[in-house]
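Engineer: My structure is below; once you've seen it, I'll send some questions.
Numbering (the UniProt record's numbering), first residue to last: 1 to 104.
Here's what the structure looks like:
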């Protein structure tokens, strides 16, 4: 489950949270929801801050109107279905839900 911000005026979902919605409203509700999407890009980060694993796997997950940068738990090919969960501190973690065949 991931905590998201929902605009009261237009219903747009924001993650990360915004001070003001694109429609101009500053009134929001906050809800927990399940999020999964398609992995559209990945990268490995070899120089990481102290306390982080190296390499750090990161991915961009397409969830319709949202494009989320997540820390991947494991390597997965582009096109895989990724479940997004929220860890302590608000970090978004991507868990592989369905792998696709790597056709490269």
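Just so it is clear, CB atoms sit at the ideal spot from N, CA and C, and this is done for glycine as well.
1) Would you report the Cα separation of residue 17 and residue 89, rounded to the nearest angstrom?
2) Report the option in 77, 100, 63, 35 whose CA atom is closest to the CA atom of residue 57.
3) Report the three-state DSSP secondary structure of residue 51 (helix, strand or coil).
4) Ignore the nearest five residues each way along the sequence and tell me which others in residue 64's own chain have a CB closer than 8 Å to its CB.
5) Tell me residue 65's beta-bridge partners as DSSP assigns them.
Structural biologist: With the given structure in hand:
1) 14 Å
2) 77
3) coil
4) 37
5) Beta-bridge pairing links residue 65 to no other residue.
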